[in-house]
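A short worksheet on the structure shown next.
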Amino acid sequence: MTDVVQKADAAQKTTARPAAASGFSFSLSAGNFDRIMNVASPLFLLLLWEVAARLGWIDVRFFPAPSKIFQTMLTLIENGQLWIHLKSSMYRLWWGFLFGAIPALLLGISMGLSRPLRAICDPLVAATYPIPKSAILPLILLIFGLGEASKIVMVAIGLFYPILINTMAGVLEIPKIYFDVSKNFGASRFQVFRTVALPGAMPMIMTGVKLGVGLGLILISLAEMVGAKSGLGYMMWNAWEILSVETMYVGLIVIAALGVVFTLILNEIERYLVPWKNTR
Amino acid sequence: MSTDAATAAPATAGTDVKIRLKNLTKTFETKRGPFLALDNLTLDIPTGCFFMIVGPSGCGKTTLLRILAGLETHTSGTVEISKPAGGRPSNSMIFQGDSLFPWMTVWENAAYGLNMRHKPKTEIKDRVGFFLGRTGMTRFADHYPHQLSGGMRQRVSICRAFANDPDILLMDEPFSALDEQNKVLLQEELLKIWEETRKTVLFITHSVDEAVTLGDRIMVMSAHPGRDKATLDVPFERPREVLELRARPEYGEFVYKIWSYLREEVHRARAQDEGSSS
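First to last, the sequence lines map onto chains U and D.
Quick note on numbering: the first sequence equals residues 0 to 279 in numbering that gives the first Met the number 0.
Quick note on numbering: the second sequence equals residues 0 to 277 in numbering that gives the first Met the number 0.
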């Protein structure tokens, strides 16, 4: 068994190593290479875009040059507009995160631990999960009004499902022996929850949170386009109405940047919460 | 019951009985119908006895241990375990294979039982520190299990059980996944720690060598269903040196004796497996 694995490993190494070695004359650790590439690939794309816009390869009415977009961004930062919109989007995202993630986490672990609860909730989750969250926006607006609540609820609903499903799967994947150990060593129900189910499912929970936060960003932009007077989504919708294409791109870039920042933050949190799985 | 009546050897000093099983039977419901795992098992384990159960795989040894550990229920018969004094736990199990929590450090794993019982911090520190020291794991207290070798992981598993200070230690083939050298090392370490505490041990193995090396008394179990085939007292004094003991001619004779009971069972278990698979 192990012999075969080692041979496969060795085969991989011999094919992978020379390619990497010929590409870089200086030696990079795998981690540093990843970090550099994380920054370099989007920068390269921006550069390509700028060149294409200046040379007239693309229609600048729809695809203004990045330098133009950054000028608009600076203006929006200087007059405080961007900050106002960013702040209200973040506020909604934060509360939506809390109201979505915490119930999802608790229910997910409980469903993973309790077979009857799983039998009760599984069909409900399966039936409601595939409903497009954007399709229930009108209903949410009707119930919660045009104020903050409807946006927070949208984000919460979006986050809820990926975190719930991943958390439950995470608990179900924990080998049975760990539950045997906790039982034999006299752990109470709450102690099993805290010392086995929660840490054991944590890698999957973090995957769910990452998926959920991405979905939250999508849904907050959408919700703000329809029923809001502030937020990044509103800013972009408003820019469409006054035909300010650059402002639309600023909105897109800020949302994209938020996606990156959140991923980096969540990766750090994961490294802290799952120290036993970070060596890969 | 026992074909070889146990003549009290000096090693089994305890006179009172710690675990008493009467007509213990366990049936599993399977798709093919009921499966008899343990059949009418009657057994006394004296206090302070290092009790070994040897049997072919699938003879219900693990089922017996899991019933005693409270992880499984029995179908009929009685299990009597005398209650420990002073709120100490009745038993702690050392599991087969990897049972350390991957998300806890060596220290946290070894302290698990004490933490679950909300023991005072100083007591936890003393006890865990002591047993990690006795097994040479102090240096690795902050390591995670995936950073350790199989032998080291099983040492921590032993620490976790001993630090919990239970009345009875239940061991389910704890060394079966280890290589021969590590096995001997860990057997020696286990004997040393055990000598200091002399707790009642119920140890399951399929290795006759291991049974004779470690045990005071050996029960050979039959396969499908699990029955008491023979119970023998191990005639070797303590403390024992594993390698020195194994070099003695009496050791070989005794191992052969156990084997003669076991051989038949192994063949029978194999015949049954082949019969059911074809």
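A virtual CB, placed ideally from N, CA and C, is assigned to each residue, including glycine.
Remember, it's a predicted structure, so these values are computed and weren't measured experimentally.
Worksheet item: Near Ala-64/U, what residues of its chain come up, given a Cβ to Cβ distance below 8 angstroms and the 5 sequence neighbours on each side ignored?
Response: Once the five neighbours on either side are set aside, the close Cβ partners of Ala-64/U are Trp-48, Glu-49, Ala-52, Arg-53.
Discussion item. I'd like to know whether the C-beta of Ala-18/U is nearer than 7 angstroms to at least one C-beta of chain D.
Written reply: Here Ala-18/U scores only 43 on pLDDT, less than 50, and its place in the model should not be relied on; the value that follows carries that caveat. The beta-carbon of Ala-18/U is placed no less than 7 angstroms from the nearest beta-carbon of chain D.
Worksheet item: By Cβ distance below 8 angstroms, which residues in the same chain neighbour Leu-40/D in space, the five residues on each side in sequence not counted?
Response: Contacts found: Leu-20, Asn-22, Leu-23, Thr-24, Leu-63, Gly-76, Gly-225, Arg-226, Asp-227.
Worksheet item: Under the rule that 16 or more other beta-carbon atoms within 10 Å means buried, what is Trp-239/U, buried or exposed?
Response: Trp-239/U counts as exposed, since fewer than 16 other C-beta atoms from the protein chains shown sit within 10 angstroms of its C-beta.
Worksheet item: With a CB to CB cut of under 8 angstroms and the five nearest residues on each side skipped, what residues in its chain are close to Ala-196/U?
Response: The beta carbon of Ala-196/U sits closer than 8 angstroms to those of Ile-108, Gly-111, Leu-112, Val-170, Ile-173, all from its chain and outside the five residues before and after it, given in chain order.
Item to complete: Starting from the C-beta of Ala-210/D, find all residues in its chain whose C-beta is less than 6 angstroms away, skip the five residues before and the five after it, and write them out in chain order.
Response: If the five residues before and after Ala-210/D are omitted, its C-beta is found closer than 6 angstroms to the C-beta atoms of Met-51, Val-53, Thr-204, Ile-217, all from its own chain and listed in chain order.
Worksheet item: Closest to Val-183/D by CA distance: which of Glu-240/D, Pro-101/D, Ala-84/D, Ala-68/D is it?
Response: Nearest to Val-183/D by C-alpha distance, out of Glu-240/D, Pro-101/D, Ala-84/D, Ala-68/D, is Glu-240/D.
Worksheet item: Just to confirm, are Ala-155/U and Phe-98/U a CB contact at a threshold of 7 angstroms?
Response: In this structure, Phe-98/U lies closer than 7 angstroms to Ala-155/U by Cβ.
Worksheet item: So, do the segment 76–88 of chain D and the segment 158–167 of chain D have three or more beta carbon pairs nearer to each other than 8 angstroms?
Response: At 8 angstroms Cβ cutoff, the stretches touch.
Discussion item. Residues of chain D with CB closer than 9 angstroms to the CB of Pro-122/U, please, in chain order.
Written reply: Residues of chain D with a Cβ closer than 9 angstroms to the Cβ of Pro-122/U do not exist, since the nearest Cβ in that chain sits about 26 angstroms away.
Practice prompt. Helix, strand or coil for Ala-18/U, going by three-state DSSP, please let me know.
Written response: Caution is warranted here: a pLDDT of 43 is assigned to Ala-18/U, below 50, making its placement in the model unreliable, and no coordinate value can be reported.
Discussion item. Here's the rule I'm using: 16 or more other beta-carbon atoms within 10 Å means buried, otherwise exposed. How should Gln-153/D be labelled?
Written reply: By the 10 Å Cβ count, Gln-153/D comes out buried.
Worksheet item: Run through DSSP, which three-state label would Ser-133/U get?
Response: If DSSP states are grouped into helix, strand and coil, Ser-133/U belongs with the helices.
Worksheet entry | Beta-ladder partner(s) of Glu-172/U, from DSSP | The bridge partners DSSP lists for Glu-172/U come to none.
Practice prompt. Answer with buried or exposed for Asp-362/D, where buried requires no fewer than 16 other C-beta atoms within 10 angstroms of its C-beta.
Written response: Residue coverage of chain D in this structure runs from 0 to 277, which leaves residue 362/D outside it and unanswerable.
Worksheet item: Met-201/U to Met-72/U, Cα distance in whole Å?
Response: C-alpha separation (whole angstroms): 38 angstroms.
Worksheet item: Is there at least one Cβ from chain D nearer than 7 angstroms to Ile-176/U's Cβ?
Response: For Ile-176/U, the answer is yes, since a Cβ of chain D falls inside 7 angstroms of its Cβ.
Worksheet item: How far does the beta strand (DSSP E) with Asn-39/D in it reach, from first residue to last?
Response: First-last of the beta strand (DSSP E) with Asn-39/D: 32–45.
Fill in: Thr-74/U, enclosing alpha helix (DSSP H) - first and last residue
DSSP places Thr-74/U in the uninterrupted alpha helix (DSSP H) bounded by 65–77.
Worksheet item: Which residue or residues does DSSP assign as beta-bridge partners of Val-219/D?
Response: Note: Val-219/D sits in a beta bridge opposite Val-53/D, Ala-229/D.
Worksheet entry | Exposed unless 16 or more other CB atoms sit within 10 angstroms - verdict on Lys-17/D | Counting Cβ neighbours within 10 Å, Lys-17/D comes out buried, since at least 16 surround it.
Item to complete: Please classify His-145/D: is it buried, with 16 or more other beta-carbons within 10 angstroms of its beta-carbon, or exposed?
Response: Per the 10 Å Cβ criterion, exposed.
Discussion item. Taking only three categories from DSSP, how would you classify Ser-243/U?
Written reply: Three-state DSSP puts Ser-243/U in coil, outside helix and strand.
Item to complete: Determine, using beta carbons only, whether His-143/D and Trp-94/U come nearer to each other than 7 angstroms.
Response: What sits at residue 143/D in the sequence shown is Tyr, not His. Inclusion of Tyr-143/D and Trp-94/U in the CB contact set at 7 angstroms is not warranted, their separation being larger than that value.
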